[in-house]
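Residue numbers (the working numbering), protein chains in the order written: chain L, 96 to 266; chain W, 30 to 506.
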């Protein structure tokens with residue numbers, strides 16, 4: 096057993112157990128904290144796959160920004176009553192089950208019934224370097240420069256919009 | 030990469046709008062009375078960008094390593110977006126004072142939304158479609174709720190944001206599946222491998238998600254829930270913008286993706302989907318609009334019906350029906366901006382004077398406004414020789430050529446139904462006595478926007494061939 100396999104098993108176990116804990120915890124804040132743990136374990140798995148950029152983004156954006164937002168919302172809401180609303184409705188459970196089943200079937204199909212695409216098969220050395228930060232940076236500033244600029248305008252418009260909607264007083 | 034001067038010329042509309050946004054922000058930050066400068070600056074950049082787009086219609090080129098196309102179809106769409114937005118800005122100058130949102134940021138958001146639309150209509154890569162869609166949508170969410178003190182505006186913004194985010198979720202999920210199965214985001218590569226990819230169920234699922242996401246944006250029937258409340262609650266000029274240019278942008282994406290598939294593969298696999306949403310949207314929009322007394326809400330339902338008429342062209346999927354859709358979109362943009370322009374003139378403070386009874390006796394009190402309102406209502410109903418008639422006519426012709434005569438018949442039936450509620454406004458204006466005292470804040474700028482759209486509707490109606498030939502030549506290339 097090499098180190099990579101051991102690391103994979105440990106991280107995968109943490110990810111799976113914390114994912115189960117997210118849905119079994121009765122207190123929403125505890126669920127959120129287990130979700131953070133799950134995100135960290137997934138980031139570790141991405142690192143094992145040589146996808147540094149996605150691992151970093153996973154930690155900064157998901158475990159950082161989005162989870163803080165989640166926790167803020169949970170703390171602002173009255174969590175105990177909110178929890179009751181969610182469990183009382185039967186159709187919400189049904190809907191959640193439906194979506195999980197859909198995602199499960201889709202992933203199972205991907206893993207067991209599809210062949211790896213040519214991009215992965217072709218040159219292992221090249222494809223393993225796709226996810227590194229250098230390569231993503233290079234692509235972003237050459238081939239994808241226009242979407243990158245567009246994202247800049249998108250964030251600018253969103254900032255202006257947030258200012259308009261949240262600014263206290265207009266002169 | 031690009032030393033070619035024609036390519037720089039082709040890029041100019043994007044550069045002008047992008048630089049215009051940045052300049053507008055600088056003006057807004059540094060000058061106190063920016064509200065007086067920005068509308069004219071916006072109109073200037075929209076006009077220049079429209080002229081340059083239409084000047085470059087003859088040569089089509091793909092820019093930035095296959096990210097964005099300029100010229101051809103994209104030029105026609107850019108022309109619609111820019112002229113439509115310029116008219117809306119002209120219409121807004123005095124309206125937003127009355128509405129209580131006299132901020133310069135309004136214009137910056139309108140400019141940004143136009144940049145997003147231009148990215149969508151020129152996209153050659155799915156990433157560009159998504160970026161443009163989000164840029165446009167985020168600007169619309171904010172514009173819908175730009176008056177924070179108004180409850181209806183807050184409701185409109187919130188509803189639009191939540192359902193729009195839901196639709197975006199569909200789009201991005203679809204894009205992820207398409208990328209996962211085809212290993213490319215380039216639209217041309219996806220289309221050339223379409224016959225091979227369509228056998229993969231995950232690709233089909235992704236494509237359907239993409240279609241559903243954009244069906245939200247065009248406001249077609251099963252995905253129309255947000256339309257009436259959002260169109261009613263937003264500022265009237267903003268409704269004019271998002272019901273016309275926003276719809277045009279979403280349709281442009283359908284045309285970019287599907288038209289290329291239709292032209293390379295003879296069998297149209299998406300006919301059932303589009304035929305279903307087309308027939309249901311037409312009937313639903315026309316029937317529900319009958320019972321609306323609020324003119325803005327009536328126009329919202331009519332917008333659903335119009336999305337249905339245009340979707341007929343997507344179901345037929347041949348060249349004549351596609352040029353019909355683009356003609357229809359141009360005609361619809363100008364007649365609807367005109368109609369919403371008049372609604373914004375009649376509208377009083379605090380959402381008053383929006384009901385149809387406020388239009389009673391308008392023919393005597395303000396004959397010019399009444400004449401133009403009648404013109405737009407006739408055009409929307411599709412009465413010749415106005416632009417709206419030819420839009421419907423070309424789409425129906427395309428449907429009959431594509432063997433979908435039943436769909437054209439449903440279209441004609443719902444057009445006949447829709448005549449009732451459009452002409453009801455005309456009847457109120459000319460044959461009813463006013464019940465209450467209505468104060469109309471008529472201003473010259475809004476009126477000039479209405480007059481320009483009215484003239485465009487008449488010109489497109491009298492000389493439809495010129496525009497249609499232009500569109501067809503751009504599509505065939």
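Here a beta-carbon is modelled for each residue, glycine too, at the ideal position from N, C-alpha and C.
Asked                                                                                                                                                                                                       : Found
Tell me which residue opens and which closes the alpha helix (DSSP H) that residue 127 of chain L is part of.                                                                                               : 123-143
Any idea what DSSP makes of residue 97 of chain W, helix, strand or coil?                                                                                                                                   : strand
With respect to the beta strand (DSSP E) encompassing residue 479 of chain W, which residues constitute its N-terminal and C-terminal limits?                                                               : From DSSP, residue 479 of chain W is part of no beta strand (DSSP E) but of the alpha helix (DSSP H) over 473-491.
Along the chain, where does the beta strand (DSSP E) that runs through residue 90 of chain W open and close?                                                                                                : 90-92
Please classify residue 274 of chain W as buried or exposed, where buried requires at least 16 neighbouring CB atoms within 10 angstroms.                                                                   : buried
Suppose the cutoff is 8 Å on Cβ atoms and the five residues either side in sequence are ignored; what does the same chain contact list for residue 418 of chain W look like?                                : 408, 411, 412, 490
Examine the Cβ distances between the segment 159-166 of chain W and the segment 230-249 of chain L and report whether three or more of them are shorter than 8 Å.                                           : yes
What does the Cβ neighbour count give for residue 435 of chain W, buried or exposed, with the cut at 16 atoms within 10 Å?                                                                                  : exposed
Given a threshold of 16 other Cβ atoms within 10 Å of its Cβ, counted over all protein chains shown, does residue 111 of chain W qualify as buried or as exposed?                                           : buried
In chain order, what are the residue ranges of uninterrupted alpha helix (DSSP H) at least 4 long that sit wholly in the segment 375-434 of chain W?                                                        : 391-394, 396-410, 416-430
When burial is assigned at 16 or more other CB atoms within 10 Å of the CB, is residue 122 of chain L buried or exposed?                                                                                    : exposed
Can you confirm whether residue 141 of chain W, when its beta carbon is compared against all beta carbons of chain L, has any partner nearer than 8 Å?                                                      : yes
Exposed or buried, what is residue 30 of chain W when buried is set at 16 or more other beta-carbons lying within 10 Å of its beta-carbon?                                                                  : Only weak support exists for where residue 30 of chain W lies, its pLDDT of 48 falling under 50; the coordinates are left without a value.
When burial is assigned at 16 or more other CB atoms within 10 Å of the CB, is residue 457 of chain W buried or exposed?                                                                                    : buried
Could you tell me which residues DSSP pairs with residue 524 of chain W in its beta bridges?                                                                                                                : In this structure chain W extends from 30 to 506, so residue 524 of chain W is not present and cannot be described.
Quick check on the DSSP output: the alpha helix (DSSP H) that includes residue 198 of chain W runs from which residue to which?                                                                             : 180-211
Which residues share a DSSP beta bridge with residue 152 of chain W?                                                                                                                                        : W:97
Identify, in the order they occur along the chain, each residue of the same chain with its Cβ nearer than 7 Å to the Cβ of residue 382 of chain W, setting aside the five sequence neighbours on each side. : 375, 376, 467
How big is the Cα-Cα spacing for residue 345 of chain W and residue 256 of chain W?                                                                                                                         : 25 Å
Closer than 7 Å between beta carbons: that is the criterion. Which residues of the segment 121-153 of chain W meet it against chain L?                                                                      : 132, 134, 137, 138, 141, 144, 148
Checking contacts by CB at 8 Å: is residue 193 of chain W closer than that to chain L?                                                                                                                      : no
Between residue 98 of chain W and residue 89 of chain W, is the Cβ-Cβ spacing less than 8 Å?                                                                                                                : yes
How do the segment 185-194 of chain W and the segment 225-243 of chain W stand: do at least 3 beta-carbon pairs fall below 8 Å, yes or no?                                                                  : no
Checking contacts by CB at 8 Å: is residue 231 of chain W closer than that to chain L?                                                                                                                      : yes
Reducing DSSP to helix, strand and coil, say where residue 215 of chain W ends up.                                                                                                                          : strand
Would you verify that the beta carbon of residue 34 of chain W is, or is not, closer than 8 Å to some beta carbon of chain L?                                                                               : no
Rounded C-beta distance between residue 203 of chain W and residue 239 of chain W? I'm assuming under 8 Å.                                                                                                  : 4 Å
Identify whether residue 263 of chain W lies in helix, strand or coil by the three-state DSSP scheme.                                                                                                       : coil
Mind listing the chain W neighbours of residue 238 of chain L? Cutoff is C-beta to C-beta under 9 Å, in chain order.                                                                                        : 93, 94, 95, 96
Assign residue 47 of chain W to one of three DSSP states: helix, strand, or coil.                                                                                                                           : helix
Taking Cβ positions only, does residue 60 of chain W come closer than 8 Å to chain L?                                                                                                                       : no
Hey, residue 76 of chain W and residue 115 of chain W: beta-carbon distance below 8 Å or not?                                                                                                               : yes
If you draw a straight line from the alpha carbon of residue 130 of chain L to that of residue 117 of chain L, how long is it in whole angstroms?                                                           : 6 Å
Nearest by alpha-carbon distance to residue 46 of chain W: which of W:108, W:359, W:269 is it?                                                                                                              : W:108
Measure from the alpha carbon of residue 338 of chain W to the alpha carbon of each residue in W:441, W:159, W:178, W:60, then state which is nearest.                                                      : W:441
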